[in-house]
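In the working numbering, the protein residues as written are 922 to 1197.
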């Protein structure tokens, strides 16, 4: 099963890469199944088994997600956008767009609103599957610590004070209609001007955690070598020696957690300067 998850992740990565490069020829079922060396039938069967959706439906919704950003952020003609993302005509694109988002591309462009995008799935996660870590866990330099300045911004969030941790949070939210992980992440992905827009979904998972007055860290649920190493570094860091202190008192301060199993595991924690 691990190997199949890895191979389905390979297809998922291939799909996004081909959509970005407008390589329609590589997005056929025949081409994708050849990437894995399996039959078209077996590839679609395993994709549905692992992801919970049909491959053709996932591909269509990902095309629309990419196209929506161009409708929202560019002044290109809707026909050009439609053809770039694999739709045969303006009418076919408009019909698919409205079916997915409840509004036509022209109406959405005139008045953008949050809609639920089909975000990229991640069936193969090294941390979750416990297959061994990469990145800083094997770096001889260990954990890197540095200071960054983040501009003032709004923090759009869902509050659930009964949860502690990524998995626990989404398990509880899934019990609330319209607040499951897929719906909320899809809505957030459609909003322009986010702090992580330069990387968007390509920057990995970005999570925020409202500071606890006691300095308690959120349990993200990745009980692996990397998390232990990073949390030990945060616990042992000498803030005073750097002329600052962890800011757990100022209202509105947020701890951010950036995670990509293939690249990095990063916390951004708010600090304040100490009076000299």
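Just so it is clear, CB atoms sit at the ideal spot from N, CA and C, and this is done for glycine as well.
What is the DSSP secondary structure of residue 959, reduced to helix, strand or coil? coil
- Please report how far the alpha carbon of residue 933 lies from the alpha carbon of residue 1006, in whole angstroms. 16 Å
Please confirm if the region 994-1001 is in contact with the region 951-970, defined as three or more CB-CB distances below 8 Å between the two stretches.
Contact between the region 994-1001 and the region 951-970 is absent, because fewer than three Cβ pairs lie under 8 Å.
Extract the residue ranges of the alpha helix (DSSP H) inside the region 973-1000, only unbroken runs of 4 or more that lie entirely within it.
DSSP assignment within the region 973-1000 yields the following whole alpha helix (DSSP H) runs of 4 residues or more, N-terminal first: 976-994.
Next on the checklist: Cutting at 6 Å between CB atoms, please list the residues of its own chain near residue 988, excluding the five before and the five after it.
Outcome noted: 1002, 1006
Return the chain-ordered list of same chain residues with a C-beta closer than 6 Å to the C-beta of residue 943, the five sequence neighbours on each side being excluded. 1005
Cut-off 6 Å between Cβ atoms - residues of its own chain near residue 965, not counting five sequence neighbours on either side: Same-chain partners within the cutoff: 976.
Quiz item: With 16 other CB atoms within 10 Å as the buried threshold, where does residue 967 fall?
Solution: buried
Discussion item. I'd like to know whether the C-beta atoms of residue 1162 and residue 1195 end up nearer to each other than 8 Å.
Written reply: no
The alpha helix (DSSP H) spanning residue 1031 covers which residue range?
Residue 1031 -> alpha helix (DSSP H) spans 1026-1031.
Check your understanding: Considering only C-alpha positions, which residue in the set 1179, 1081, 1190, 1018 is nearest to residue 1169?
Key -> Selection 1179, 1081, 1190, 1018 evaluated against residue 1169 yields 1190 as nearest (Cα-Cα).
### Query
In three-state terms, what does DSSP make of residue 1124?
Confidence at residue 1124 is low in this model, with a pLDDT of 44, below 50, so the placement of that residue should be treated as unreliable; the coordinate-derived value is given next. Helix, per DSSP.
Considering only DSSP beta bridges, list what residue 1192 is partnered with.
1167
Starting from the Cα of residue 1104, find the closest Cα among 1110, 1165, 1037 and give me that residue. 1037
When 1069, 1076, 1157 are compared against residue 1193, the one with the closest alpha-carbon:
1069
Practice problem: To the nearest angstrom, report how far apart residue 947 and residue 984 are at their CA atoms. | Solution: 14 Å
> CB residue 1032 to CB residue 982, shorter than 8 Å?
Replying inline: no
So is residue 1017 buried or exposed if we call it buried at 16+ other beta carbons inside 10 Å? buried
| Got a sec, what are the start and stop residues for the alpha helix (DSSP H) residue 1040 sits in? | Where residue 1040 is concerned, there is no enclosing alpha helix (DSSP H), given that its DSSP letter is neither H nor E.
> Around the Cβ of residue 1110, are there at least 16 other Cβ atoms within 10 angstroms (buried) or fewer (exposed)?
Replying inline: It is buried - the Cβ of residue 1110 has at least 16 other Cβ atoms within 10 Å.
Quick check: what's the CA-CA separation for residue 1112 versus residue 1155?
32 Å
Where does residue 1069 sit, in a helix, a strand or coil, going by DSSP? Coil, per DSSP.
ask   = Do you know offhand how far residue 1095's Cα is from residue 1108's?
value = 15 Å
Discussion item. Rounded to whole angstroms, what is the Cα-Cα separation between residue 1157 and residue 1175?
Written reply: Approximately 20 Å between the Cα atoms of the pair.
*Assign residue 1008 to buried or exposed, taking buried as 16 or more other Cβ atoms, counted over all protein chains shown, within 10 Å of its Cβ.*
buried
Original post:
Should residue 1076 and residue 1084 be called a contact, given that it needs their Cβ atoms to be closer than 8 Å?
Top reply: no
Check: Count the other CB atoms within 10 Å of the CB of residue 979; is the residue buried (16 or more) or exposed (fewer)?
Finding: buried
Buried or exposed (CB count within 10 angstroms, at least 16 for buried), residue 954: buried
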